[in-house]
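*Asks:* Structure incoming, see below.
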Amino acid sequence: MLQIDSIEISYGAIHAIQGVSFSVEQGEVVAIIGANGAGKSTLLKGVAGLEPLQQGSILWKGQDITNVASHERLRLGIALAPEGRGVFPDQSVRDNLLLGAYAFRNDKERVADLLEQEFKRFPRLRERSEQMAGTLSGGEQQMLAISRALMSQPQLLLLDEPSLGLAPLIMREIFQSINSLRDAGLTILLVEQMANQALRVADRAYVLETGNIILEGTGNELLNNQAVRAAYLGSH
Ligand SMILES: Nc1ncnc2c1ncn2[C@@H]1O[C@H](COP(=O)(O)OP(=O)(O)OP(=O)(O)O)[C@@H](O)[C@H]1O
Ligand SMILES: [Mg+2]
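Quick note: the sequence shown uses my numbering, first residue 1219, plus one each step.
See below:
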């Protein structure tokens, strides 16, 4: 479904992504794990079209989208739930969600159905629908970021560190929702520092270190890999 071939992304002299290749098949959950500064967010931005590539190519369902703009990639079915959540703090939860469905804003019925679907997924968002997004807790903002991305009815959901800064209980809730999205057939590319949860939910995973993929395997293989355990799974 998604094929990334030898991509490079730089910020001036900083070579954040140094020739990365990987693929995501339809229906898969693929995780990319790596430490702070490894290049995870940069990689997702590259896929979403928010950072230009210096080298390499991106194929989406056989179509070369290397030079396709981010809003067009969204229309093609690629949606990003960004790190730091990226919600609009001074707009209500509802309005943030409606922005996710901007492309079909004129189809009122479809938008209402989607909104209802997200309120069912995260009842907390329904309770807080008129609240300003900036006043939500970190976990609630993460729910909103995921729901907003889903409002565009993506075929591929890009999740940038959905568990960042969350307490274990709410983190479990987020990963449960990722699991149900997978069960519903959604394809997901997830980047995480918290490797444990990510590898549990992932069909396949890659380890990103200073802009390079150094290891790949099934989620289980990497969970049981000594080097991964030592570097990314603490003592668990
Ligand atoms: N806009 C930018 N301008 C300059 N350098 C940047 C920019 N964004 C990221 N970088 C650099 O690129 C490298 C990769 O950053 P990136 O945010 O992709 O890492 P990450 O793996 O997402 O880290 P984290 O886990 O902390 O979110 C870092 O060295 C970072 O300082
Ligand atoms: Mg990041």
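Just so it is clear, CB atoms sit at the ideal spot from N, CA and C, and this is done for glycine as well.
Let me know the secondary structure DSSP gives S1453 once reduced to three states.
*Replies:* Summary for S1453: the model assigns pLDDT 46, below 50, so the residue's position carries little reliability; its value from the coordinates is reported in the next sentence. S1453: coil per DSSP, three-state reduction.
*Asks:* Let me confirm a value: I1232 is counted as buried when at least 16 other C-beta atoms fall within 10 Å, else exposed. Which label applies?
*Replies:* It is exposed - the Cβ of I1232 has fewer than 16 other Cβ atoms within 10 Å.
*Asks:* Using 8 Å as the threshold, is the C-beta distance between Q1273 and G1429 below it?
*Replies:* No; because the gap between Cβ atoms is not below 8 Å, this pair is not in contact.
*Asks:* So, with DSSP's three-state summary, where would you put E1327?
*Replies:* Correct three-state label for E1327: helix.
*Asks:* Any heavy atom of ligand 1 closer than 7 Å to the CB of S1259?
*Replies:* Yes.
*Asks:* With a threshold of 8 Å, are at least 3 pairs of Cβ atoms found where one atom belongs to the segment 1334–1346 and the other to the segment 1358–1365?
*Replies:* Yes, the segment 1334–1346 is in contact with the segment 1358–1365.
*Asks:* Who are the near neighbours of S1370 in its chain, counting only those whose CB is closer than 7 Å to its CB and skipping five residues on each side?
*Replies:* L1292, A1297, G1318, A1319, A1321.
*Asks:* Consult DSSP for V1311 and reduce its assignment to one of helix, strand or coil.
*Replies:* V1311: helix per DSSP, three-state reduction.
*Asks:* Would you tell me roughly how many angstroms separate the C-alpha atoms of L1376 and S1365, rounded to the nearest one?
*Replies:* Computed Cα separation, rounded: 12 Å.
*Asks:* Would you call Y1424 buried or exposed, if buried means 16 or more other Cβ atoms sit within 10 Å of its Cβ?
*Replies:* Flag for Y1424 reads buried.
*Asks:* Assign T1428 to one of three DSSP states: helix, strand, or coil.
*Replies:* In this structure, T1428 counts as coil in the three-state DSSP scheme.
*Asks:* What is the DSSP secondary structure of V1247, reduced to helix, strand or coil?
*Replies:* It is a strand residue.
*Asks:* Taking only runs that begin and end inside the segment 1362–1417, name each unbroken beta strand (DSSP E) of 3 or more residues, in chain order.
*Replies:* DSSP runs (the beta strand (DSSP E)) wholly in the segment 1362–1417: 1374–1378, 1405–1410.
*Asks:* For ligand 2, is there a heavy atom less than 7 Å away from the beta-carbon of E1301?
*Replies:* Within the cutoff, so yes.
*Asks:* Looking at I1392: is its Cβ nearer than 8 Å to the Cβ of P1380?
*Replies:* Yes.
*Asks:* By the three-class DSSP mapping on this structure, what secondary structure does S1224 have?
*Replies:* Residue state, collapsed to three classes: strand.
*Asks:* According to the Cβ coordinates, are V1248 and L1417 closer than 8 Å?
*Replies:* It is not a contact, given that the beta carbons lie outside the stated cut-off.
*Asks:* CA-CA distance, E1336 and L1368?
*Replies:* Using only the alpha carbons, I get a separation of about 8 Å.
*Asks:* Using only the heavy atoms of ligand 1, determine whether one of them is closer than 7 Å to the beta carbon of I1232.
*Replies:* Flag set: Cβ of I1232 near ligand 1.
*Asks:* Does DSSP classify G1352 as helix, strand or coil?
*Replies:* In this structure, G1352 counts as helix in the three-state DSSP scheme.
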